[in-house]
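Below is one structure, written out as structure tokens, with a few remarks after it.
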Amino acid sequence: MAGMGNERHLETGSLAPPPPGKDVVRVYGMKFCPYVQRLKLVLAAKGVKHETININLVRKPEWYFTKNPKGLVPTLEINGIYIYESDITSAYIDAVYPGRKLMTEDPLKKAKEQMLLGDHAKTIAFYKYACSSDPEVRKQGSETAKLGLGALEKFLKQAKTAFVCGDQPGFTDYMMWPHIERLGVFLPDLIPTFELVKKYFDDMGLDSAVKACRFSNELHIEFFNFEESFRAGEKRRLYDCGEVVEYSFPTAK
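The opening position of the sequence shown corresponds to residue 28 in the numbering used here, with each subsequent residue numbered one higher.
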């Protein structure tokens, strides 16, 4: 979990942080965002040291839009350059920093993995259904997720490898994992219905990058409960669940 960054989420009215030092990698994120987790997994797998500034996505700091005009996360800042979108930032880190290359250079394999990511969108879609208090809507989410997991089961069967990318997790595995992790929490009975996906889920859980960036089921549920309260009409969403680390620079005016 430490790999996700426990820094407090800065919000509207906060002071902008000072720029990172020369060649320092800074990630602007949100602790529980699965798209930020994609980038964090790649950083962990590559062993890239970085610092984290967390952003309250409901009450975004005014200054954050100078880093990312869309106001979304994740955003990378390196030597005054800003890069955003989870897949783009992750691919950049893999291409620029030393260590094991996570993205395949085989054109056919890359094409097959990209098609699988397209099917994975069905797995991602379950999350919005999981946030509903309506049992029928949740059931619809389960049925949607089954389609995505079915595509993964078929891929693993044809590939005859433990992971999507081969004998060890790679780029596509890390792009898929954050939502699969959450699926294991909120629809725990679904993954075991797919033999190869269940083994894949267990094997991914042993990966060092996944271990560094994974949340406990309890923390996922704690954040989810705050999320559901927010959707029900409460004024504030609480991002600072679990351990909170304060910044070394002033954040309040």
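For glycine and all other residues, C-beta sits at the position ideal for the given N, C-alpha and C. Predicted, not measured: the structure shown is a model, and the values here were computed from it.
Beta-bridge partners of residue i, as assigned by DSSP
i, result
"residue 115", "For residue 115, which the question treats as bridged, DSSP gives no partner whatsoever."
"residue 103", "54 and 110"
"residue 37", "82"
"residue 191", "Residue 191 is not bridged to any residue."
"residue 272", "34"
Boundaries of the alpha helix (DSSP H) in which residue i is found, first to last residue
i, result
"residue 171", "162 to 186"
"residue 213", "198 to 213"
"residue 65", "61 to 73"
"residue 223", "222 to 231"
"residue 238", "235 to 240"
Beta-carbon proximity check, residue i vs residue j, cutoff 8 angstroms
i, j, result
"residue 274", "residue 112", "no"
"residue 71", "residue 240", "yes"
"residue 147", "residue 203", "yes"
"residue 105", "residue 75", "no"
"residue 83", "residue 42", "no"
"residue 248", "residue 212", "yes"
"residue 131", "residue 197", "yes"
Host beta strand (DSSP E) of residue i (start-end)
i, result
"residue 82", "78 to 82"
Residue of the options minimising C-alpha distance to residue i
i, options, result
"residue 44", "58, 52 and 80", "80"
"residue 134", "192, 203 and 170", "192"
"residue 222", "199, 181, 247 and 243", "181"
"residue 178", "105, 218 and 130", "218"
"residue 267", "51, 153 and 250", "250"
"residue 175", "153, 165 and 243", "153"
"residue 46", "78, 60 and 235", "78"
"residue 245", "208, 220, 278 and 233", "208"
"residue 234", "215, 195 and 211", "195"
"residue 229", "189, 272, 199 and 206", "189"
"residue 237", "61, 37 and 83", "61"
"residue 170", "30, 210, 89 and 82", "210"
"residue 184", "224, 138 and 69", "224"
"residue 216", "269, 186 and 173", "173"
"residue 201", "48, 50 and 63", "63"
"residue 39", "65, 85 and 52", "85"
Proximity test, Cβ basis, 8 angstroms: residue i and chain C
i, result
"residue 135", "In the structure shown, chain C cannot be found, because there is only a single protein chain."
Heavy atom of the ligand FMN within 7 angstroms of residue i beta-carbon
i, result
"residue 250", "No copy of the ligand FMN appears in this structure; indeed no ligand is present at all."
- At a cut of 8 angstroms, does the segment 118 to 131 reach the segment 141 to 155 through at least three beta carbon pairs? no
- Query: How do the segment 46 to 57 and the segment 94 to 105 stand: do at least 3 beta-carbon pairs fall below 8 angstroms, yes or no?
  - Reply: yes
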